[in-house]
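Chemist: So that you can map any letter, position 44 of the sequence shown is 60 in the working numbering, and since no number is skipped, the others follow by simple counting. Cβ coordinates follow ideal geometry from the N, Cα and C atoms, glycine included.
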Amino acid sequence: MALHISITIAYIVVLVASLFFIVRTEQTPTLEGSDVDVIEFYLNLEYLEAEFFLFGCTGEGLDVAAPELTQGGPSPIGARLATFETLNMLLVFMNFALKEIGHLRAIKNIVRGFPRPLLNLSSTTFGQVMDNAFGRPLHPPFDPYASEINYILASYVIPYVTLTGYVGANPELQNATSKKLVAGLLGVKSIEDGYIRELLYERRAQVVHPYGVTVAEFTNRISDYEE
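(1) What span of residues does the alpha helix (DSSP H) with residue 203 cover, start to end?
(2) Which of helix, strand or coil does DSSP assign to residue 102?
(3) In chain order, what residues of the same chain lie with their CB nearer than 6 Å to the CB of residue 252, ignoring the 5 residues before and after it?
(4) Can you round the beta-carbon distance between residue 1 and residue 129 to whole angstroms, since I take them to be within the 8 Å contact cut?
(5) In angstroms, rounded to a whole number, what distance separates the CA positions of residue 126 and residue 66?
(6) So, is residue 175 buried or exposed, given that buried needs 16 or more other C-beta atoms within 10 angstroms?
(7) Taking residue 181 as part of the alpha helix (DSSP H), name the residues at either end of that continuous run.
(8) Please return the same chain residues whose Cβ sits closer than 7 Å to the Cβ of residue 147, not counting the five positions on each side in sequence.
(9) Could you check the C-alpha separation between residue 199 and residue 214 for me, to the nearest Å?
(10) Give every residue of the same chain whose Cβ lies closer than 7 Å to the Cβ of residue 54, excluding the five residues on either side of it in the sequence, and list them in chain order.
(11) Have a look at 132, 103, 104 and flag the residue whose alpha-carbon is nearest the alpha-carbon of residue 117.
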């Protein structure tokens with residue numbers, strides 16, 4: 017009951033914070049030139065992160081939390097509420113979700129943007145990623161929403177990809193506005209990635225059921241696969 021109430025409260029926080037981000041970013045100048053293509057490419061990843069964290073924490077996505085940001089794009093496939101055992105972890109990822117709403121607003125206020133693409137956030141998609149990381153099928157297939165530790169492991173994949181993307185994009189940018197934006201986003205992604213790594217390190221000896229594999233091995237497999 018307590019966790020259900022907390023999810024409801026967290027969802028309300030998303031709605032309030034989304035209004036706050038509108039006020040903060042609406043004065044940003046519009047970006048033009050070659051930087052637009054670079055920034056818009058990473059808008060895809062910001063959509064993905066926002067939907068994954070919002071659905072994982074609230075069971076709802078941008079369609080409810082900030083529908084104007086979708087620009088009429090299709091709803092994600094397979095995303096759903098994750099199973100959290102602790103309030104602390106719910107609040108951690110709720111914080112990530114709030115930041116993603118802010119990132120989307122910041123980007124869309126300097127580039128035209130585009131409608132949310134169709135995102136497949138189903139357990140099947142994440143299961144395939146984990147199968148590839150291990151070089152063999154896991155039985156049962158990995159489900160990021162099934163448990164708290166599964167969600168943390170799945171979250172390790174996403175910010176890292178976005179982080180490395182922004183690192184690569186930064187030297188290509190010409191405009192001071194876009195450089196400032198990417199520098200800010202890069203800082204946030206670095207913090208998120210570092211915090212997820214810390215969570216996994218603290219749980220490194222924990223066995224991920226029903227696979228009989230430790231968190232440390234999962235983390236190493238994911239890291240090797242990403243490289």
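Modeler: Let me lay it out:
(1) 192-218
(2) coil
(3) Because residue 252 is not part of the residues shown, which for the chain are 17 to 243, the question remains open.
(4) Lying outside 17 to 243, the shown extent of the chain, residue 1 is not represented and no answer is given.
(5) 19 Å
(6) Buried is the label assigned to residue 175, since at least 16 other Cβ atoms lie within 10 Å of its Cβ.
(7) Element bounds for residue 181: 164-185.
(8) Within its own chain, the residues whose Cβ lies closer than 7 Å to the Cβ of residue 147, once the five positions on either side in sequence are excluded, are 153, 154, listed in chain order.
(9) So the alpha carbons of these two residues sit roughly 23 Å apart.
(10) 185, 188, 189
(11) 132
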